[in-house]
Amino acid sequence: MNYTRLKQDLYREYEKKFPRSREINTRACRSMVDGGSHAIRLLKPFPPRITKAGGAFIYDEDGHGILDFWQGHHANILGHNPDLVTGVLADAFLHGSGLQTGFTDALQAETAELLAGRTGAEKVRFTTSGALATMYAVLLARAYTGRTLVMKIGGGWHGAQPWGLKGVEYHHDGDLFQHVDSAGLSPLTKEEVLVIPFNDTDSLKRTMEKYGDDIACFIMEPFIGAGGFFPVSGEFIGQARSLTEKYGTVLILDEVISGFRFCAGSVSKLYGVQPDLATLGKIVGGGMPLSAVAGRSEIMKLAGSEGNHRVKFSGGTYSAHPASLLAAGTMIRYLIDHEDEIYPAIGTLGEDLRRRVERCLAEEGLYACCTGYGNDAVQLSSLAMLFFPHEEGRIITLPWEARDPAVCDTELGNEILQISMLLEGVHVFHGLGSLSTAHTEDHLDTLEQALRLFARRVLSYR
Ligand SMILES: Cc1ncc(COP(=O)(O)O)c(C=O)c1O
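Here this note's numbering is used: position 16 in the sequence shown is 1283, and no number is missing along the way.
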């Protein structure tokens, strides 16, 4: 369908509703590339400029309160700016602590112990972003094995680091995520990074049989995030564990999204799988920039004196920053102590959200498929993405299906949905987002109402 007229009208209405954000955007574009620092935040025609946030809401320069399902790239599991974390940070700042970066402290040890206990890891090292954590994990694996090949899942996002930038974006030419996604990388990237399809055990076996002796690591998410919010099958992750063991390949489970999202620890535990290395970020930082690699001593030690510092998992002016660790320790302890309340609550709300969204759109005459549902291992999911398959009744279960414009109406599911929802006071991302403990049934009512208006608007242009 041609959405030119709908988009023109949406943009016109949006520009009228967000004049101050528009003004700031014009200014930002003079000094910043595209007016910002993170491509996916820079929606068209311009993003709302946010001034503050609390719980389920963000507030913008034009004075709107917007119900938010993006929640800090899914990091803010207790909602925006929870008193729990802002309170300890404010107190620390008031008493002369928080910005003395460049040292080490008790907080690091305490937080590492918590993470090790909750992930089954022997050693933990902190850094500042998920991308750095996955990059260091790959370096460790390559040094440990003496091999160069890195295997990943098509559609899997592990942050902008050299071995994560192949097979992320979908190109509609039938090669299923075999492209290198960034300029400026080593020309060897295409050969060094092998990309296999999600949940395809046969392909996993074939690739391991062919290249296993040369593969340093297999990096995968147990619940794929940007790839579409699908849980890995028990069979696939089980085979991933046994085949990597058989071939001496390091299994890296990237839990930057899934860690502490479905339970107070790593989701791999729910599958009964112990990786060699796990990467954590987002939720564990408590809203502050913190990430970690957690894993087997034998591999982790390559970063330290016992391993002659062979892997430069080091540096980082702001690594293990005291304010980040204060937030992280506070958050992790709280999630552990309240695990039995939090995860059933947000998981049940998530189930309700997914079903309601699908139902209300169907009632309006728009077929949509929500992802984010759990499986036998991950029963309580608070994640949701929304897709609009062209074929009514089609269920989306794989990253390529989610991204292929021939399968799903990707223009409708991304920019049109996002702008339409903002006009109704709701912020969704990748079609929907994640729930926090700040979300309630009332917020689902608001979401449902906004989606109904979106559907009516779209259908009136058909
Ligand atoms: C699974 C996964 N790994 C790694 C990253 C990168 O994390 P960061 O954005 O903190 O660099 C992300 C970010 O969304 C992610 O979803």
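Cβ atoms here follow ideal geometry from the backbone N, Cα and C, with glycine treated the same way. Fair warning: this is a prediction, and the values are worked out from it, not measured in the lab.
Which of helix, strand or coil DSSP assigns to residue i
{"i": "Phe1721", "result": "helix"}
{"i": "Ala1545", "result": "strand"}
{"i": "His1710", "result": "helix"}
{"i": "Val1447", "result": "strand"}
{"i": "Lys1274", "result": "helix"}
{"i": "Ile1603", "result": "helix"}
{"i": "Cys1530", "result": "coil"}
{"i": "Ser1500", "result": "coil"}
{"i": "Val1355", "result": "helix"}
{"i": "Cys1662", "result": "Note that residue 1662 corresponds to Ile in the displayed sequence, not to Cys. Coil."}
{"i": "Pro1556", "result": "coil"}
{"i": "Met1299", "result": "coil"}
{"i": "Gly1743", "result": "Outside the shown range of the chain (1268 to 1729) lies residue 1743, about which nothing can therefore be said."}
{"i": "Leu1461", "result": "strand"}
{"i": "Tyr1437", "result": "coil"}
{"i": "Thr1597", "result": "helix"}
{"i": "Ala1570", "result": "helix"}
{"i": "Ile1317", "result": "strand"}
{"i": "His1694", "result": "strand"}
{"i": "Ala1383", "result": "helix"}
{"i": "Leu1699", "result": "strand"}
Candidates the options: closest to residue i by CA position
{"i": "Ala1493", "options": "His1341, Ala1545, Gly1302 and Asn1642", "result": "His1341"}
{"i": "Ala1404", "options": "Ala1559, Cys1637 and Ser1687", "result": "Ala1559"}
{"i": "Phe1655", "options": "Gly1596, Thr1638 and Gln1646", "result": "Thr1638"}
{"i": "Ala1460", "options": "Leu1443, Gly1441, Asp1480 and Pro1429", "result": "Residue 1460 is actually Val in this sequence, not Ala. Selected option, being the one with the closest Cα: Pro1429."}
{"i": "Pro1232", "options": "Leu1690, Gln1716 and Thr1713", "result": "Outside the displayed range of the chain (1268 to 1729) lies residue 1232, so it cannot be described from this structure."}
{"i": "Asp1712", "options": "Asp1350, Val1693 and Tyr1411", "result": "Val1693"}
{"i": "Tyr1538", "options": "Glu1573, Pro1498, Val1523 and His1576", "result": "Pro1498"}
{"i": "Leu1684", "options": "Gly1700, Val1462, Leu1416 and Asp1301", "result": "Gly1700"}
{"i": "Arg1279", "options": "Gly1302, Asn1269 and Phe1313", "result": "Phe1313"}
{"i": "Phe1465", "options": "Gly1562, Gly1582, Leu1334 and Gln1506", "result": "Gln1506"}
{"i": "Arg1414", "options": "Val1517, Ser1572 and Gly1660", "result": "Val1517"}
{"i": "Lys1549", "options": "Ala1673, Asp1521 and Val1540", "result": "Asp1521"}
{"i": "Gln1338", "options": "Phe1696, Leu1714 and Ala1306", "result": "Phe1696"}
{"i": "Asp1335", "options": "Ser1703, Ser1649, Pro1542 and His1576", "result": "Ser1703"}
{"i": "Pro1732", "options": "Arg1385, Glu1476, Phe1580 and Asn1575", "result": "One cannot answer for residue 1732 here, as it falls past the ends of the chain, which runs 1268 to 1729."}
{"i": "Tyr1411", "options": "Glu1715, Ser1649, Lys1568 and Glu1630", "result": "Lys1568"}
{"i": "Arg1528", "options": "Thr1456, Ala1612, Leu1544 and Asp1440", "result": "Ala1612"}
{"i": "Val1355", "options": "Ser1648, Leu1593 and Cys1675", "result": "Leu1593"}
{"i": "Gly1441", "options": "Thr1677, Ala1673, Leu1544 and Ala1320", "result": "Ala1673"}
Whole-angstrom C-beta distance between residue j and residue i, which should lie under 8 Å
{"i": "Pro1589", "j": "Ser1727", "result": "Wrong, their Cβ atoms sit about 54 Å apart, outside the cutoff."}
{"i": "Arg1719", "j": "Cys1627", "result": "6 Å"}
{"i": "Leu1621", "j": "Ala1651", "result": "Position check: residue 1621 holds Arg in this sequence, whereas Leu was assumed. 5 Å between Cβ atoms; contact."}
{"i": "Leu1547", "j": "Gly1526", "result": "4 Å"}
{"i": "Lys1536", "j": "Gly1641", "result": "About 15 Å separates the two Cβ atoms, so there is no contact after all."}
{"i": "Thr1223", "j": "Glu1502", "result": "The chain is shown only over 1268 to 1729; residue 1223 falls outside these bounds and no answer can be derived."}
{"i": "Met1555", "j": "Ser1591", "result": "4 Å"}
{"i": "His1347", "j": "Ile1325", "result": "7 Å"}
{"i": "Ile1311", "j": "Glu1682", "result": "According to the sequence as given, residue 1311 is Lys; it is not Ile. Rounded, the Cβ-Cβ distance is 6 Å, consistent with contact."}
{"i": "Lys1419", "j": "Met1487", "result": "7 Å"}
{"i": "Val1540", "j": "Ala1400", "result": "With a Cβ gap of about 19 Å, Val1540 and Ala1400 do not count as contacting."}
{"i": "Ser1648", "j": "Gly1614", "result": "6 Å"}
Other residues of its chain near residue i: CB distance less than 8 Å, five sequence neighbours each side excluded
{"i": "Ile1291", "result": "Arg1316 and Glu1328"}
{"i": "Trp1424", "result": "Gly1431, Val1435, Gly1492, Ala1493 and Gly1494"}
{"i": "Glu1625", "result": "Ala1635, Cys1636 and Cys1637"}
{"i": "Ala1398", "result": "His1425, Gly1426, Ala1427, Gln1428 and Gly1431"}
{"i": "Leu1406", "result": "Val1578, Lys1579 and Phe1580"}
Sequence-distant residues of the same chain with beta carbon closer than 7 Å to residue i, five excluded per side
{"i": "His1706", "result": "Ala1323 and Leu1616"}
{"i": "Ser1687", "result": "Leu1277, Phe1721 and Arg1724"}
{"i": "Ser1298", "result": "none"}
{"i": "Asp1372", "result": "Pro1589"}
{"i": "Asp1604", "result": "none"}
{"i": "Asp1480", "result": "Tyr1514"}
{"i": "Leu1443", "result": "Gly1421, Pro1464 and Trp1667"}
Close beta carbons around residue i, own chain, < 6 Å, minus the five adjacent residues each side
{"i": "Leu1381", "result": "Ile1599"}
{"i": "Glu1282", "result": "Arg1289"}
{"i": "Ser1564", "result": "Glu1389 and Lys1390"}
{"i": "Ala1595", "result": "Thr1378, Val1551, Gly1552, Gly1553 and Leu1557"}
{"i": "Ala1383", "result": "Val1391"}
{"i": "Cys1530", "result": "Tyr1610"}
{"i": "Ala1717", "result": "Met1688, Glu1691 and Val1693"}
{"i": "Ile1482", "result": "Leu1416, Met1418 and Thr1516"}
Could you pull out every unbroken alpha helix (DSSP H) segment of at least 4 residues lying fully inside the stretch 1393-1433, listed in chain order?
1397-1412
Please list the segments of the alpha helix (DSSP H) lying wholly inside the stretch 1619-1654, counting only runs of 4 or more residues, in order along the chain.
none
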